[in-house]
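Inspection log for the structure reproduced underneath, given as structure tokens.
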Amino acid sequence: MKKNTSNWQEFIKGIYKENPVLVSTLGLCPTLAVSTQAINGISMGLSVIIVLTFSNLIISLIKDYVPSNLRIPSYIIVIATFVTILKIIIEGFFPTINKSLGIFIPLIVVNCIILGRAEAFASRNNPLKSVLDGIGMGIGFTIVLTTLSTIREVLGNGTITLKIGDIGTIIDVGPLYKLLGLVDDNGEKAPLVFFLLPPGGFLVLGFLMGTINYLQRSIKLNLGFIKRRVNKNGK
Amino acid sequence: MIYFYIFISSIFVNNFILSRFLGLCPFIGVSKRLSASFGMGIAVTFVMTIAGAISYLEFNFILKPLKIEFLDTIVFILTIASTVQLLEMLLQKYVPFLYNSLGIFLPLITTNCAVLGVSQLNILYDYNFLEALVFDFSSGLGFTLAIILMAGIREKLEFGNVPRSFRGVPIAFIVASLMSLAFLGFSNLVKINK
């Protein structure tokens, strides 16, 4: 383990440097399955943040009392308990979310991010750091999920849905389509349903990962270049 | 006839990986070598059939009579974990050659969402026991088919001239997208409205 990392670093690493989806490729199933509407991405992300934070907290509290060969089963029980609580709450208070996320709420249990963080982080660090790590990783996951689902919805349906039940709005990006000339014979916007279907999900995630890789590499190269220039001038 | 429909539908039409998005972690993680992906596919089919059947019986004969259906997630995940553990021990003792080839994949299966997904879908679709059994087994076969096809493509892809930023996982997703597009051609082949 790294020594003496500050709390802020533990929090921020999940968002960029060790982003669970883009860097570690964990938690892919819900990422692709629910990302057809922007709001699904947000609600799935929030559910994962809640479960991840609480399970990290509990696991880092009980880590000294669990025998090492019973580690995984006991962690899974902790996670499953929080998922069940969350499932009951969502079923009771947010039936529309329950309908659109479907079986992917119980499947948070086997989301590799949560067990992965429990095993790799919470079982070796103190409760405060574990909670921060959970929130950071959860936010990283949510950002990717929301980006992905917004791209897919804009391309596939021409809208951005930010609506739970009766609260919130649906933003129409029809004018953008018209500006770009993507219209059918009647002058209406013509989105590609392809992006809402499974192949579209794979394609968008593939290109998103590739683009991020490209940006990271070019930033690194440019930084190296600037550093060298500065050193030269300094001499 | 319904069994045949379920069989075809869960292999081709509603393929677990390519149209339901379940079990993607092993699909991307273990599909670099053909032999490894074959082992993973067989192991998943094995566990899916057994754990699916056991969790179906548990739900209908234990949870339902006691009216504690809300505990299904915890019960299913425990069932899967212990089935995997049991299988590992049994294989090690009685079928050592199978254990040697599947051994390293078995612990990974516990957190494979395809296995928990199959238990949940059995309940959601309201199958009877035999239908559930056919569904579990053929879903496993569909998973195996997809992961083997993927591994075959990725082995060839290693020699391809892929842009540097897209090497590894990103190009795998783009390949998966094309595969999924091809499997979309099977939709409406059979329709079960259940």
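Residue numbers (this note's numbering), protein chains in the order written: chain P, 512 to 746; chain R, 893 to 1086. Glycine included, C-beta positions come from ideal geometry on N, C-alpha and C.
Taking each of P/I624, P/G627, P/V704 in turn and checking the Cα distance to P/R663, the smallest one comes out for P/V704.
Comparing alpha-carbon positions, the option among R/I894, R/G1009, R/F989, R/C917 lying closest to R/A1068 turns out to be R/C917. Between P/S660 and P/T547, the CB-CB gap stays under 8 Å.
Chain-order list of chain P residues neighbouring R/V1061: T536, M720, by C-beta distance under 7 Å. In terms of beta-carbon proximity, P/Y586 stays away from the interface with chain R, with every pair separated by 8 Å or more.
Boundaries for P/T547: no alpha helix (DSSP H) harbours it, and the DSSP string shows neither H nor E there. Three or more Cβ pairs drawn from the region 549–561 of chain P and the region 663–677 of chain P lie within less than 8 Å of each other, which places the two stretches in contact.
Between P/Y586 and P/L626, the CB-CB gap stays under 8 Å.
For P/L612, no chain R residue has a C-beta closer than 7 Å to its own C-beta; the minimum C-beta separation is roughly 12 Å. For P/L673, the enclosing beta strand (DSSP E) stretches over residues 670–675. R/S1072 places its beta carbon 8 Å or farther from that of P/P702. When rounded, the separation of the alpha-carbon atoms in R/I969 and P/I723 is 35 Å.
Annotation: R/I903 is outside any beta strand (DSSP E) and is labelled neither H nor E by DSSP.
Just so you know, the alpha carbons of P/F615 and R/S911 end up roughly 14 Å apart. For P/D683, the enclosing beta strand (DSSP E) starts and ends at 678–683. Judged by DSSP secondary structure, R/F951 falls outside any alpha helix (DSSP H); it is assigned neither H nor E. Per DSSP, the continuous alpha helix (DSSP H) segment holding R/D1028 begins and ends at 1021–1049.
Residues F593 of the same chain have their beta carbon placed closer than 7 Å to that of P/F565, with the five preceding and five following residues left out of the count.
When the five nearest sequence neighbours on each side are left out, the beta carbons in the same chain lying within less than 8 Å of the beta carbon of P/F522 are those of L643, D644, I646, G647, in order along the chain. For P/Y725, the neighbours in chain R by C-beta distance under 7 Å run, in chain order, S1057.
Judged by pairs of C-beta atoms under 8 Å, the region 1047–1059 of chain R touches the region 712–729 of chain P, as three or more such pairs exist.
Chain-ordered, the chain P residues with CB closer than 8 Å to the CB of R/Q1012 read I614, P617, L618. Shortest Cα-Cα distance from P/G669 to any of P/T680, P/G679, P/G685, P/V655 involves P/G685. Collapsing the DSSP output to three states places P/K700 in a strand.
A residue is called buried once 16 or more other Cβ atoms fall within 10 Å of its Cβ, and P/R628 is buried on that count. Residue state for P/V741 is assigned as helix, using DSSP reduced to three classes. Rounded to whole angstroms, the separation of the alpha carbons of R/E950 and R/L1025 is 14 Å.
Residues of the region 590–606 of chain P with a C-beta atom less than 8 Å from some C-beta of chain R are A591, T592, V594, T595, K598, I599, listed in chain order. Distance check between R/E961 and each of P/P617, P/V545, P/Y576, P/S558 places P/P617 closest, using alpha-carbon atoms only. Within the same chain, T542, S546, G552, M555, G556 come within 7 Å of P/L656 by CB-CB distance, once the 5 residues on both sides are set aside.
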